[in-house]
Amino acid sequence: MVGVPSVVIKDGKMKLNEIKRAKLTTDEVEVALRRVKVSDLKDVDVGIFESSGRFSTLLKPEQRSATKKDIQTILDVLAANGFRITEKKVTEVQPAGLFKEAYKEAKDADYKPNKP
54 MVGVPSVVIK
64 DGKMKLNEIK
74 RAKLTTDEVE
84 VALRRVKVSD
94 LKDVDVGIFE
104 SSGRFSTLLK
114 PEQRSATKKD
124 IQTILDVLAA
134 NGFRITEKKV
144 TEVQPAGLFK
154 EAYKEAKDAD
164 YKPNKP
């Protein structure tokens, strides 16, 4: 593989001089983005046309998928703040605070809707 990679997208914007230098068109760059399931140019931090002819993208941090480590960090923060996460499926939302007693009363009451 001979050649130098070209940064053709930087901070969500196409670098037209680099695209031209790599002998590409903006349409080809857009096709390459769609192939890697990027629907919005603004989501791309860096897009590189590799010397091998492949196209690589690095999404902006807020657009990247969460990793197991990210999720574990969130779970740790929730646990530190008193939230308990279990493996059970949640089938019913449990009200907290002010609504807890009202919810219980409504659930326990024999509810009969008013008929006109």
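Residues in the sequence shown are numbered consecutively from 54, following the working numbering. Glycine included, every Cβ here is placed at the ideal spot set by N, Cα and C. Given the structure is predicted, the values throughout are model-derived calculations rather than measurements.
query, result
"Range of the contiguous alpha helix (DSSP H) that encloses T120", "T120 -> no alpha helix (DSSP H), and no H or E assigned at all."
"Straight-line gap, I101 to R117 (C-alpha atoms, nearest Å)", "17 Å"
"Three-state secondary structure (DSSP) of M54", "With a pLDDT of 49 at M54, under the threshold of 50, the modelled position of this residue cannot be trusted; read the value that follows with caution. Of the three classes helix, strand and coil, the one that applies to M54 here is coil, per DSSP."
"Same chain only: Cβ atoms within 6 Å of L94, ignoring 5 sequence neighbours per side", "G65"
"Distance between beta carbons of K68 and D96, contact taken as under 8 Å", "Not confirmed; about 16 Å, so no contact."
"Candidates D98, T126, E103: closest to I72 by CA position", "E103"
"Test item: CB-CB of F108 and V130 under 8 Å", "no"
"Beta-carbon proximity check, A132 vs I138, cutoff 8 Å", "yes"
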